[in-house]
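Chains A and B, in that order, are what the protein sequence lines are. Read in our numbering, the first sequence has 629 at position 156, and its numbers run on one by one without any break. Read in our numbering, the second sequence has 317 at position 58, and its numbers run on one by one without any break.
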Amino acid sequence: MSTQIRPAPVRKSIFVNAPQHHAFEVFTAGIGRWWPKTHKIGPADLDRPIIEPREGGRWYELDVDGSECEIGKVAVWDPPARVVLIWQLTPEFTYDPSLITEVEVQFTAEGEGTRVDLEHRDLEQMGEKADAMRETVSGPGGWPALLQLFADEAKI
Amino acid sequence: MANAERVFSALHDPTRRAVFERLRDGPRPVSEIARGLPVSRPAVSQHLKVLKEAGLVDDRSEGTRRIYQIDPKGLGAMRAWLDQFWTAALDAFAAEVERSAKNEKKEKE
């Protein structure tokens, strides 16, 4: 009985009118400039997420009150071509160190711009974590709030 | 999208999870799903109803029997959410990349 439901990875590609090194820089060092402030873990308001620029580095959020909450880790640090992040957030936006899903982002120069390919994989792990997830109280920054946010955005 | 919440909620109950897991190898009638489980058949039907509402299983009639099978779109609700999350996040990222790239260019000029 090893059958398991394996959701396909989420794959996204986007083209940006900027050089490869700039795209990589904004995605990593500049993540606080584009990450939606509503997507946060801690109770305090989000200042910005931070990706430590090295393999094994932390990926965490810094809140306005100075507190820090883990998001995951840096698995591969290969500027300006590629970064692999370990996403350890449950769908309710709580940190679970035993949850290991990968977000691979590749930056490929194309003409004067850059193609950015993102893949979020190993999602079946989130299904396996269903139990632990339900035991966590869903905070105001959790999944329901995010769903609402998307619903609001979709109206615009 | 409220579906996603329901998926996790539906799988939280251990008996319901056992019911769900019985469908992993293919479609089954209720009688077969209930066999060997320490709960009554109406209870199993109730669990199947919750799983169906969560989008985890689907059912069809075959004569007088009701056949249940896994609906792969169930766990997909969570995937759908992430899909949307990254679409929105990458759009915001692209806007910031291009805004700052223009500024950099201006500064150089």
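From the three backbone atoms N, C-alpha and C, an ideal C-beta is built for every residue, glycine too.
What are the partner residues of residue i, as DSSP defines its beta bridges?
i: A/Gly-545; result: A/Trp-532, A/Trp-560
i: A/Phe-580; result: A/Val-589
i: A/Phe-497; result: DSSP, once it has assigned bridges, lists no residue as partnering A/Phe-497.
i: B/Leu-307; result: Partner(s): none; B/Leu-307 has no beta bridge.
i: B/Pro-288; result: B/Ile-326
i: A/Arg-594; result: A/Glu-575
i: B/Phe-279; result: DSSP output for B/Phe-279 lists no bridge partner at all.
i: B/Val-316; result: B/Ile-329
i: A/Val-489; result: A/Thr-587
i: B/Leu-349; result: For B/Leu-349, which the question treats as bridged, DSSP gives no partner whatsoever.
Assuming the contact rule is C-beta atoms closer than 8 Å, residue i and residue j should be a hit. Round their C-beta distance to whole Å, please.
i: A/Val-576; j: A/Trp-560; result: 5 Å
i: A/Val-547; j: B/Val-356; result: Rounded, the Cβ-Cβ distance is 20 Å, inconsistent with contact.
i: A/Ala-491; j: A/Thr-567; result: A/Ala-491 to A/Thr-567, Cβ: 34 Å. No contact.
i: A/Leu-596; j: A/Thr-574; result: 6 Å
i: A/Trp-632; j: A/Arg-527; result: Any property of residue 632 of chain A remains undetermined from this structure, which presents chain A solely from 474 to 629.
i: B/Asp-317; j: B/Gln-328; result: 6 Å
i: B/Ala-277; j: B/Leu-296; result: 6 Å
In chain A, what lies closer than 8 Å to residue i by C-beta?
i: B/Asp-318; result: Within 8 Å Cβ-Cβ: nothing; B/Asp-318 doesn't reach chain A, min ~18 Å.
i: B/Arg-338; result: Pro-480, Ala-481, Val-483, Leu-596
i: B/Leu-296; result: Correct list: empty, because the minimum Cβ distance to chain A is about 15 Å.
Confirm, please, whether the CB-CB distance from residue j to residue i is below 7 Å.
i: A/Arg-555; j: A/Gln-579; result: yes
i: B/Ala-354; j: A/Ile-487; result: no
i: A/Lys-485; j: B/Trp-340; result: no
i: B/Ala-269; j: B/Leu-307; result: no
i: A/Glu-583; j: A/Pro-482; result: no
i: A/Gln-493; j: A/Pro-553; result: yes
i: A/Pro-480; j: B/Arg-338; result: yes
i: A/Trp-532; j: A/Leu-558; result: yes
Quick one: what's got a C-beta closer than 7 Å to residue i's C-beta in the same chain, skipping five residues either side?
i: B/Glu-366; result: none
i: B/Arg-281; result: Arg-287, Ile-292
i: B/Ser-304; result: Val-289
i: B/Lys-364; result: none
i: B/Arg-324; result: Pro-288
i: A/Phe-497; result: Pro-552, Pro-553, Phe-580
i: A/Pro-570; result: Gln-561
i: B/Val-298; result: Thr-274
Mind listing the chain B neighbours of residue i? Cutoff is C-beta to C-beta under 9 Å, in chain order.
i: A/Gly-503; result: Phe-352, Glu-355, Val-356, Ser-359
i: A/Pro-522; result: Ordered by position in chain B, no residue passes the 9 Å Cβ test against A/Pro-522, which lies about 11 Å from the chain.
i: A/Ala-548; result: Those do not exist, as A/Ala-548 stays about 18 Å from chain B at its closest Cβ, beyond 9 Å.
Ignore the nearest five residues each way along the sequence and tell me which others in residue i's own chain have a CB closer than 6 Å to its CB.
i: A/Gly-515; result: Asp-536, Ser-540, Cys-542
i: A/Lys-510; result: Leu-519
i: B/Lys-361; result: none
i: B/Arg-300; result: Ala-293
So which residues on chain A does residue i lean against when the C-beta distance must stay under 7 Å?
i: B/Thr-346; result: Lys-485
i: B/Leu-310; result: Neighbours of B/Leu-310 on chain A: none; closest Cβ ~13 Å, over 7 Å.
Using a Cβ cut-off of 7 Å, pull out every chain B residue sitting near residue i, in sequence order please.
i: A/Arg-506; result: Glu-355
i: A/Phe-500; result: Phe-352
i: A/Leu-591; result: Trp-345, Leu-349
i: A/Val-489; result: Ala-353, Val-356, Glu-357
Along chain B, in chain order, which residues have C-beta atoms closer than 8 Å to that of residue i?
i: A/Ala-554; result: Those within 8 Å of A/Ala-554 in chain B number zero; the least Cβ separation is about 16 Å.
i: A/Ala-496; result: Val-356
i: A/Pro-509; result: Ala-347, Ala-348, Ala-351
i: A/Leu-572; result: Residues of chain B passing the Cβ test: none, with the nearest at roughly 12 Å.
Please compile the residues from chain A whose C-beta is within a distance smaller than 9 Å of the C-beta of residue i.
i: B/Leu-307; result: Per Cβ cutoff of 9 Å: no residues; B/Leu-307 is ~17 Å from chain A at best.
Note down, in chain order, each residue of its chain lying with its Cβ closer than 8 Å to the Cβ of residue i, except the 5 sequence neighbours on either side.
i: B/Arg-358; result: none
i: A/Gly-530; result: Ile-524, Lys-546, Val-547, Trp-550
i: A/Thr-501; result: Ile-524, Pro-526, Pro-552, Val-556
i: B/Arg-275; result: Ala-269, His-306, Val-309, Leu-310
At a cut-off of 6 Å, would you count residue i as near the ligand ADP, judging by its Cβ distance to the nearest heavy atom?
i: A/Ala-496; result: Summarising the ligand content, the structure contains no ligands, and the ligand ADP is consequently not present.
Does any C-beta atom of chain D lie closer than 7 Å to the C-beta of residue i?
i: B/Asp-272; result: The chain inventory of the structure shown lacks chain D, comprising the protein chains A and B.
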